[in-house]
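With the first letter of the sequence shown counted as 1, position 262 gets the number 558 in this note's numbering; the numbers rise by one all the way through.
Single-structure report; data block below.
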Amino acid sequence: MAEVKLKNLTVKYGEVVAVNNVSLTFEDKKFTVMLGPSGCGKTSTLRSIAGLTRPASGEIYIGERLVNDLYPSERNVAMVFQSYALYPHMNVFDNLAFCLKPLKLTRSEIKEKVNQISQTLHLEEFLNRYPAELSSGQQQRVAIGRALIRRPAVLLLDEPLSQLDAVLREEMKVYIKKLQEELAITTIHVTHDQTEAQAMGDRIVVMDLGVIQQIGTPQEVYNNPVNLFVAGFIGNPSMNLISGELSREEGKFFLVSKEVKIPIPPKLGKKLEKGNITGEIVLGIRPEHIFLFPEAIQDSVEAEIIEVLPQNNEFIIDLSCDSFSFKVRKDKEVLGFHPQVGQKSWFTLNEEKTYFFDKETTRRIELP
């Protein structure tokens, strides 16, 4: 196995810069997820590592070896595509065996390797079937098996779950992650699904417009977003972002958004004062970190419930507060009342989970 290192990687399509001067190391034997919206550069990065796209500049190392000028077949990487890309005229056995033929193995050696990988992926009973006779999940397992059968140094996954139904997608998340841990293979997984990234990755690389926005564990990216893009992209529902101006009255801090004044919890107010934070900012707080009440309490703000979406044991509640709207996510039992559309309610902020962002630079403001 091997780590993958990118140095100042730039990928262009004509005048369009898809990947902009990216430097990054994918750790050996770790599962790294590249996450971002369509067109952010994650797939172009993956294809550059595979050798399918030639970068405009920069260096790609697999282990200690510079691979820029090597053909895909010389890089010892394997790639699983979004569309599975199985050979329709070959049965499962031949699809799995196909990439072994250039290795000049004997028929018995090929059969042994196919049997081994089919057992690992629970495909033994399907070896004589053709792709059209398989379910989506079975086809995906064949595609993964074909990638793994020759034990590559690096496994590249290009949105391999996007064509599966919801139930099968959940099963395959667990299956792929477990398989990667058992084989201890360096894996790079590309997706635009942040829930998938949170569930599978040891580390997440968040990209936008060809640039890395943040690198961290799923917990770090979720709990400590470095800028407004990451804050708004990660989470389902995503973080509430409320623009306003900081004001201070009688020793208390408020975020003023048009006619609405949101009291800042006292401990946060002291940090804002110590950090000399003033002017226009963006307040960020996740839906589950807003406290909601059926009646007014001290330092609460009135809002109107405009939509209620029950989800299993939770409510996702949309509220309107004159100049802005936001979401609250609460356990049905913890909430303590049954929210109704049109109902008035009052909210306060969890001071341990409230963030502030610079409106101009979009970076999170580090409080003392």
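C-beta atoms are modelled at their ideal positions from N, C-alpha and C, and glycine is treated no differently.
Just so you know, these numbers come straight off a predicted model, no measurement behind them.
Quiz item: Just the Cα atoms here: how many angstroms apart are E569 and I661?
Solution: 13 Å
Quiz item: How many Å lie between V329 and I500 at the Cα?
Solution: 5 Å
Exercise. Can you check the region 380-458 for any alpha helix (DSSP H) of at least 4 residues that lies completely inside it and give the ranges in chain order?
Key: 388-393, 403-416, 432-444
Quiz item: Is it right to say R442 is buried, meaning 16 or more other beta carbons lie within 10 angstroms of its own, or is it exposed?
Solution: buried
Quiz item: Thinking C-beta only, is N646 closer than 8 Å to F587?
Solution: yes
Exercise. Run through the region 523-570 for me and flag every whole beta strand (DSSP E) of 3 or more residues, listed as ranges in chain order.
Key: Complete beta strand (DSSP E) runs here, min 3: 536-545, 548-553, 556-559.
Self-check item: CA-to-CA distance, E598 to K623, given in whole angstroms
Solution: 14 Å
Quiz item: So, do the region 477-485 and the region 522-529 have three or more beta carbon pairs nearer to each other than 8 Å?
Solution: no
Self-check item: Distance, P368 Cα to L348 Cα
Solution: Roughly 7 Å between the two C-alpha positions.
Quiz item: DSSP on N608, reduced to helix/strand/coil?
Solution: coil
Quiz item: Any idea what DSSP makes of L475, helix, strand or coil?
Solution: helix
Practice problem: Give the single residue among F394, K400, K469, E541 whose Cα lies nearest to the Cα of V410. | Solution: F394
Quiz item: Would S431 count as contacting chain D if we go by Cβ distances under 8 Å?
Solution: Of the protein chains in the structure, only one exists, and it is not chain D.
Quiz item: Using the beta-carbon count (16 or more within 10 Å), is P351 buried or exposed?
Solution: buried
Exercise. Enumerate in chain order the residues of its own chain whose CB-to-CB distance from T574 is below 7 Å, with the five nearest sequence positions on each side excluded.
Key: If the five residues before and after T574 are omitted, its C-beta is found closer than 7 Å to the C-beta atoms of L542, all from its own chain and listed in chain order.
Practice problem: Verify whether the separation of the beta carbon atoms of K655 and I577 is less than 8 Å. | Solution: yes
Quiz item: Is the beta carbon of S641 sitting closer than 8 Å to the one on P590?
Solution: yes
Self-check item: CA-to-CA distance, V315 to L579, given in whole angstroms
Solution: One C-alpha to the other measures close to 30 Å.
Quiz item: Where do the ends of the beta strand (DSSP E) carrying E576 lie?
Solution: 576-581
Quiz prompt | Entirely enclosed beta strand (DSSP E) segments - the region 583-659, minimum 3 residues | solution = 586-589, 597-607, 610-616, 621-627, 640-645, 650-654
Quiz item: Is it right to say V300 is buried, meaning 16 or more other beta carbons lie within 10 angstroms of its own, or is it exposed?
Solution: buried
Quiz item: Rounded C-beta distance between V507 and L342? I'm assuming under 8 Å.
Solution: Cβ-Cβ separation between V507 and L342: approximately 16 Å, too far for a contact (criterion under 8 Å).
Quiz item: Looking at C-beta atoms only, is the number of pairs between the region 380-388 and the region 424-434 that lie closer than 8 Å three or more?
Solution: yes
Quiz prompt | Proximity winner among T644, Q509, L605, D595, relative to T275 (alpha-carbon distances) | solution = Not covered by the structure: residue 275. The range shown for the chain is 297 to 664.
Exercise. Kindly identify the DSSP beta-bridge partner or partners of E355.
Key: K303
Quiz prompt | Option in V307, R447, Q607, R371 with minimal Cα separation from K338 | solution = Proximity to K338 across V307, R447, Q607, R371 peaks at V307, based on C-alpha coordinates.
Quiz item: Are the CB atoms of S616 and I602 nearer to each other than 8 Å?
Solution: yes
Exercise. State buried or exposed for G540, treating a residue as buried only when at least 16 other CB atoms are found within 10 Å of its CB.
Key: buried
Quiz item: Which residues mark the beginning and the end of the beta strand (DSSP E) in which T513 is found?
Solution: No beta strand (DSSP E) holds T513; DSSP gives it neither H nor E.
Self-check item: Rounded Cβ spacing between P456 and Q434 (contact assumed at less than 8 Å)
Solution: Not quite, the Cβ-Cβ distance comes to about 13 Å (not below 8 Å), so this is no contact.
Exercise. Confirm, please, whether the CB-CB distance from L392 to V450 is below 8 Å.
Key: No, the Cβ-Cβ distance between V450 and L392 is not below 8 Å.
Exercise. Ignoring anything shorter than 3 residues or poking outside the region 309-339, list the beta strand (DSSP E) runs there in chain order.
Key: 312-322, 327-331
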